[in-house]
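Asker:
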Amino acid sequence: MTASLKETTTGGIIRAAEISERYKSVYKLSIDLALLGRLMRILFPNSSISHPRNKLTGKQETAYANVEFQDQAVPTKFERENIILYIPPTCHIQYHDMQNWLTLSIPTEFIIDRNVLFKKVTLKLSTWHLSIRGKDIVLKEIGLDNSFYDTVECLESILKIAGKIRVCTGVTIKDVDILNVDVRRKPVILELLAQSGDENTSVTKLRHVRCEQALKWGSTTQTCRTCQKKTLEIVQRFSTNMR
Ligand SMILES: [Zn+2]
10 MTASLKETTT GGIIRAAEIS ERYKSVYKLS IDLALLGRLM RILFPNSSIS HPRNKLTGKQ
70 ETAYANVEFQ DQAVPTKFER ENIILYIPPT CHIQYHDMQN WLTLSIPTEF IIDRNVLFKK
130 VTLKLSTWHL SIRGKDIVLK EIGLDNSFYD TVECLESILK IAGKIRVCTG VTIKDVDILN
190 VDVRRKPVIL ELLAQSGDEN TSVTKLRHVR CEQALKWGST TQTCRTCQKK TLEIVQRFST
250 NMR
């Protein structure tokens, strides 16, 4: 669904129901329309929402203007061995022999324990997969379908989508000395986080071992719900014990 959509200036309109059908054809289940609305705002900021009346049923429907399905445009096929021509120079490519799969490592703006944090997009034969810090992100759960076609347009949308998925950076810890003592016996990971370009300023962060890695669309924090809840519980319990 999302990988097959693109913004257009030709005034195209797509009904939410059509997008939902695409999602359904891949996953056999309907996408939550509120989630779809959030996704559309983030992925296609120039699209706009409208509520035309369905001519047959007379009911109002949700539709999005200034987007179209990629396959309505002429797709540009590419060969996987030439993928380097179509990706940003900062991406690393790793070919998996035998299967014709490949993994693109896309740098994020975060430096964790002095290493750049990457998002990894793996292109299998007709699907794409995302992993962050070794955890596979279930695309279905964030409203994305995982179909992939070897076209430049599809590759560009996947890179754009992957770029917009925000990474959990955990909970900021101020009282580091106290925490350092006990952290090894807790289901948490202590990390030194810096922003790329400002590597001398780092913050100590704590993430839960079951960190979700990707944030929900439209999340207002930089912390996933698991880290927010479970890590804070541990920190609070710990500081109470210290008193
Ligand atoms: Zn997290």
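With the sequence shown counted from 1, adding 9 to any position gets you this note's numbering. Quick reminder that beta carbons are idealized off the backbone N, C-alpha and C, glycines included.
1. May I have the straight-line CA-CA distance separating Lys15 from Ile40, to the nearest angstrom?
2. Cβ atoms of Tyr73 and Met107: under 7 Å apart, would you say?
3. Can you tell me the Cα-Cα spacing of Val190 and Ala223, whole angstroms?
4. Is it the case that the CB of Arg50 approaches a heavy atom of ligand 1 more closely than 6 Å?
5. Given a cut-off of 7 Å on the beta-carbon distance, is the pair Val161 and Tyr95 in contact?
6. In chain order, what residues have a CB nearer than 7 Å to some heavy atom of ligand 1?
7. With distances taken between CB atoms, is the gap from Asp145 to Leu201 smaller than 7 Å?
8. Going by other Cβ atoms of all chains shown within 10 Å of its Cβ, with 16 needed for buried, is Leu38 buried or exposed?
9. Measuring only the C-alpha atoms, how far is Cys233 from Lys214?
10. So, using beta-carbon positions, are Val76 and Ser57 closer together than 7 Å?
11. For the stretch 142 to 194, which segments carrying the alpha helix (DSSP H) assignment without a break, of at least 4 residues, lie completely within its bounds, in sequence order?
Answerer: So, to answer that:
1. Distance from the CA of Lys15 to the CA of Ile40, rounded to the nearest whole angstrom, comes to 18 Å.
2. No.
3. Its pLDDT being 48, under 50, Val190 is placed unreliably by the model, and the measurement read from it follows with that caveat. Going by the C-alpha atoms only, they are around 29 Å apart.
4. no
5. yes
6. Cys177, Gly179, Arg216, His217, Cys220, Glu221, Gln222, Thr232, Cys233, Thr235 and Cys236
7. no
8. exposed
9. So the alpha carbons of these two residues sit roughly 13 Å apart.
10. no
11. 161 to 173 and 185 to 191
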